[in-house]
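Below: the structure, in structure tokens.
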Amino acid sequence: MNAEATFVNAAGFSSLFAFWIFAIASAFQSRLRALGAAGVHLLIFCFVCISLSLLVRALGADRFPVANLYESLLFFSWGLLLAFVLLRNQISTLYLGCLTALSVSLVFLYASWLPPGLQEVRPLMPALVSFWRVIHVPPLIVSYAFFLISGLVAILNFWSARRRLTAICCLMALTLCVVSVFLGTLKLASAQSINLLFWFGLTVSLVAITLFFHMETKSPPVATELCEVTDAVCQKSITIAFPLLTFGIITGAFWANHAWGAYWTWDPKESMSLATWLSYAAYLHLRARDDCRTDSLSLCAFLGLLLTILTYLGFTFLGLGGLHTYGNLA
Amino acid sequence: MKLSKSSSVSGYIGSCLSSVRLTLVLIAILVVLSIVGACVPQISQGESRLLSDYSSNQSLSIVQALGFTDVFGSWPFLLCIAGLFVNLIACTIARMPERIRRRLNQDDHLASSQVAKLRQSVSFGLPCRTTGVLEYLHGYMEARGYKVSIRGNSAVFRKGKAGWLAAPLTHLGLVVLLLGVMISMLFSYSGVLYLKEGDIECISGSLEQKGPLAHVPELSVKLLSTKSESYAGGEPKQWFSTLAIANTAKQLFSGSLSVNSPLTFDGIDFCQSDWKIAAIAFSVNSRYVKVPLSDMPHGRMGVLRLSDDLALICAYAGGPHIRVYLKEQGATHPRFLANLAPGQKISNFPISILYEKELPQSGIKFKSDPGLWVTYTALLFFFLGSILVAVPDLKIWAAVDPGEGDASQCWLGFSGVKSARIMRDHLRRIEQAMKSQFYEDKPERGVVMSNER
């Protein structure tokens, strides 16, 4: 087994162990604080392992390792762990650790399911042979990782604010979208069924919005301490990710003009990145309104997460095409 | 009476136009339209994409009738952009003068009655003289990175003052972006040249888009040479072209370009956007013929009719070889003849066929856009603005009024909305710290007031 595979496996297993440790520690919060600390150390070990695996891959490939889906997923999990390292002092570490470890484990599971051909180091196509790749891609992937954390924390915010139905619908919508991306990547179902599943997921998110505005507003949200903490983490996460997304979109425009002679072509992925950017701009505007409640902000962050998933993976695997389908298995 | 009614109506319209609520509604509509535009194939992606995505002409015509195939050029999208622009201008007019005035007047000390009227304020009594309270506040706030200014019985504490520029810079970026796009729409032109080696084409004859005020020079482009570089496994690595640019009289310029390395001449950018083997050259019975190739699912294919009942089919899937088949009339499948490299010949056949060479075609995109640097400046503003979103813009006012004996009444407050939650926490912490400092074990006597506007 080569060094890169060893580091990746070590990172995958440590994230899985960390998830169980955090889950058990969350169930017995006050009594098992030491267990939570062990989980933190495991996640930091996982972070080091992913960093080393990326380094080994970069040295082996003689280029920055963000050129295909597998590499971008490795980098995405690195971004998730970076988010955990930067945000963990702001929240009950157990919850954030639990969410991060679960997300990283799922990302590793997804990456390990990719065909071996896609996990190998492949030569770059002419359009990707550019210094712009190193400038444009990493900030975007790291921003997606921070947005994922903010979205998950937003669901936690609903739960802690006793908006249980909204939280369950959001979780269902997220699960459906993620499952459809999994199925679409591995081509386990027809393109039509996968599309239907994804759009059904988005419909469930509309149900969550309806519940939020009509049924659950009859009783005012409960402002627990966890609510305030999750809101603060969500804000910090988006505040970090938003400039990264902006930078990624701008450098993408520079690169497109350099390579194709047009900085904006309304390619599906470009359009979706605009929609994602606008949704987080809406979050920031909403935040500027002092009368806005934390649960309204959480709803905005959650919808932003769905758009982020659609931007990052949706377009490649829902068959919507465009110029950015570098990770497509076809 | 009439005047007051009309002024109240205009005030209402003004407050609607400059409201954050309108911004949110417009952004929400733009998000929905962008999703539709991203998911439904657009006319800008080419008609072939539209036709391939819709199985029937009927469904395509329904989608077209709904305006879903040109979302980004449709009136709802453009109306939203215009609305956002108006909203932005209205916000700037309504709020910017006040913000600039406050910025210019950094040491705008407020009396306790004015602090009490701020967006959020807190008041509490302390068993200490005003000088002692202000001294403590000075040390406490300075230790937390605040810049302190004390005048008389009032004080101003500031931190992260660059943060206030976040919204103005981002909004300025949007205005400059619209300006840049407008210049591009009026003055830019672009097109694609598909050239084989030795081909000459005029820029003005290959335009895809031209602004109403654009001046297109009479230039011709000649492809001097083109080549493809491949990895060891045969995957394409890079495409190169060498161009000569001339006007009607003489050659003006020549240079090379490749993917991600454009060539610029006289404000016109030439980009290597495409490269493919367009045709195969054969010698059939010593006669030179070109067989154009067409795109197929797994490569490219060309057909050469040799006689009434015989056709030669060549298939190209990258690499140095082509596969040659013979199709006889009446036969269900073509017969595979050979894998040929350039210079190789099929000799066991009545007609002599020599594979001469492949004929590459280079796709060169050209563009002249005087608005590009304005757009880039706008993007820079966006980026700076988005970074400054993370920088809190904190300004706290304090006023201490002398009370009875050694007691005093302290007022703390802030205005602004960007960091309202952070500021509320700060006020709470400052209040707690002061009470624990001055009261020791005495009971607390604080009053919190909120003046939400």
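If you're matching them up, the sequences are chains V and H in order.
Using our numbering, the first residue of the first sequence is number 21, and each one after it goes up by one.
Using our numbering, the first residue of the second sequence is number 2, and each one after it goes up by one.
Using N, Cα and C, we set each Cβ at its ideal position, and we do this for glycine too.
Bounding residues of the beta strand (DSSP E) (the contiguous stretch that carries H:Phe-266): Residues 264 to 266.
C-alpha distance - V:Ser-293 paired with V:His-278, whole-angstrom precision: Computed Cα separation, rounded: 19 Å.
Which residues, in order along the segment 224 to 239 of chain H, keep a beta-carbon less than 8 Å from a beta-carbon of chain V? If the cut-off is 8 Å between Cβ atoms, the segment 224 to 239 of chain H has Tyr-232, Gly-234, Glu-236, Pro-237, Lys-238, Gln-239 near chain V.
Compare the C-beta of H:Ala-39 against all C-beta atoms of chain V and say whether one is closer than 8 Å. Taking Cβ atoms only, chain V reaches closer than 8 Å to H:Ala-39, which makes this a yes.
Taking C-beta to C-beta, are H:Ile-204 and H:Gly-212 nearer than 8 Å? No.
Using the Cβ count rule (16 or more neighbours within 10 Å means buried), how would you classify H:Tyr-13? With fewer than 16 Cβ atoms within 10 Å of its Cβ, H:Tyr-13 is classed as exposed.
From H:Ser-451 to V:Tyr-300, what does the alpha carbon distance come to, in whole angstroms? For H:Ser-451, the predicted structure reports a pLDDT of 45, less than 50, and the residue's modelled location is therefore unreliable. A value from the coordinates is still provided. Straight-line Cα distance between these residues: approximately 28 Å.
Is V:Cys-66 helix, strand or coil by DSSP? DSSP, reduced to helix, strand and coil, places V:Cys-66 within a helical segment of the structure shown.
Quick check on V:Trp-133 - is its C-beta less than 8 Å from some C-beta in chain H? False, the Cβ-Cβ gap to chain H never drops below 8 Å.
Whole-number beta carbon distance between V:Ser-163 and V:Ala-261, since they are thought to touch under 8 Å: Approximately 4 Å separates the beta-carbon atoms of V:Ala-261 and V:Ser-163; this is inside 8 Å, confirming the contact.
So is H:Val-375 in contact with chain B if we call contact Cβ pairs under 8 Å? This model lacks chain B altogether; the protein chains it does include are V and H.
Under a Cβ-count criterion, where at least 16 other Cβ atoms within 10 Å of its own Cβ denotes burial, should V:Val-154 be classed as buried or exposed? It counts as exposed.
Pick out whichever of V:Ala-282, V:Thr-195, V:Ser-170, V:Val-141 has its Cα sitting closest to the Cα of H:Gly-234. Among V:Ala-282, V:Thr-195, V:Ser-170, V:Val-141, the Cα nearest to that of H:Gly-234 belongs to V:Val-141.
At the 8 Å Cβ level, is H:Cys-92 part of the contact set with chain V, yes or no? Closer than 8 Å: no.
Terminal residues of the beta strand (DSSP E) in which H:Cys-315 lies: H:Cys-315 -> beta strand (DSSP E) spans 311 to 317.
Cβ neighbours of H:Lys-181 in the same chain (closer than 7 Å, five flanking residues each side left out): The residue asked about is misnamed: residue 181 of chain H is Gly in this sequence, not Lys. If we look at H:Gly-181 and ignore the five residues flanking it on each side, its Cβ neighbours are Gly-372, Val-375, Thr-376, Ala-379.
Specify the secondary structure class of H:Gln-210 as computed by DSSP and reduced to three states. In the structure shown, H:Gln-210 sits in a strand (DSSP, three-state: E or B).
Locate the alpha helix (DSSP H) running through H:Ser-287, then write down its first and last residues. Segment: none, H:Ser-287 is in no alpha helix (DSSP H) and carries neither H nor E.
Can you pull the chain H residues whose beta carbon is under 9 Å from the beta carbon of V:Phe-267, in chain order? Residues of chain H with a Cβ closer than 9 Å to the Cβ of V:Phe-267 are, in chain order, Phe-384, Ser-387, Ile-388.
If I'm right that H:Ile-365 touches H:Ser-226 with Cβ under 8 Å, what's the distance once you round it to whole angstroms? Between H:Ser-226 and H:Ile-365 the Cβ distance is about 13 Å, and since that is not below 8 Å, they are no contact.
Residue from V:Ala-187, V:Phe-167, V:Phe-33, V:Arg-83 with nearest C-alpha to V:Leu-176: Considering only V:Ala-187, V:Phe-167, V:Phe-33, V:Arg-83, the residue with the shortest C-alpha distance to V:Leu-176 is V:Ala-187.
What is the residue span of the alpha helix (DSSP H) that V:Leu-194 lies within? Run containing V:Leu-194: 184 to 206, per the alpha helix (DSSP H) assignment.
Would V:Phe-232 be called buried (16 or more neighbouring beta carbons within 10 Å of its own) or exposed? The Cβ neighbour count for V:Phe-232, taken over all protein chains shown within 10 Å, is at least 16; the residue is labelled buried.
In the DSSP assignment, the beta strand (DSSP E) including H:Ile-201 goes from what residue to what residue? Where H:Ile-201 is concerned, the enclosing beta strand (DSSP E) stretches over 201 to 203.
Looking at H:Leu-305: is its Cβ nearer than 8 Å to the Cβ of H:Leu-327? No. Outside cutoff.
Let me know the secondary structure DSSP gives H:Met-302 once reduced to three states. DSSP places H:Met-302 in the strand class (E or B) of the three-state scheme.
Give the straight-line distance between the Cα atoms of V:Thr-113 and V:Val-124, rounded to the nearest whole angstrom. The straight-line gap separating the alpha-carbon atoms of V:Thr-113 and V:Val-124 is approximately 16 Å.
What are the residues in the segment 15 to 34 of chain H lying within 9 Å of chain V by C-beta distance? Here the close residues are Val-21, Arg-22, Thr-24, Leu-25, Ile-28, Ala-29, Leu-31, Val-32, Val-33, Leu-34.
Which residues, in order along the segment 250 to 281 of chain H, keep a beta-carbon less than 9 Å from a beta-carbon of chain V? The segment 250 to 281 of chain H vs chain V, Cβ under 9 Å: Ser-259, Val-260, Asn-261, Ser-262, Pro-263, Asp-270, Phe-271, Cys-272, Gln-273, Ser-274, Trp-276.
Any idea what DSSP makes of H:Ile-352, helix, strand or coil? Three-state DSSP puts H:Ile-352 in coil, outside helix and strand.
Pairwise C-alpha distance: V:Ile-214 and V:Tyr-303: Looking at the backbone, the Cα of V:Tyr-303 and that of V:Ile-214 are separated by about 29 Å.
Assign H:Val-26 to one of three DSSP states: helix, strand, or coil. In the three-state reduction of the DSSP assignment, H:Val-26 falls in the helix class.
Exposure of H:Lys-118, with buried meaning 16 or more beta-carbon neighbours within 10 Å: Exposed, because fewer than 16 other Cβ atoms sit within 10 Å of the Cβ of H:Lys-118.
Report buried or exposed for V:Phe-48, applying the criterion of at least 16 other Cβ atoms within 10 angstroms of its Cβ. Counting the other Cβ atoms within 10 Å of the Cβ of V:Phe-48 gives fewer than 16, which makes it exposed.
V:Phe-39 versus H:Tyr-232 - alpha carbon distance: C-alpha separation (whole angstroms): 42 Å.
To the nearest whole angstrom, what separates the beta carbons of V:Leu-257 and V:Leu-107, a pair I think is in contact under 8 Å? In the sequence under discussion, the amino acid at residue 257 of chain V is Ser, which differs from the Leu named in the question. Contact flag correct, Cβ pair sits at about 6 Å.
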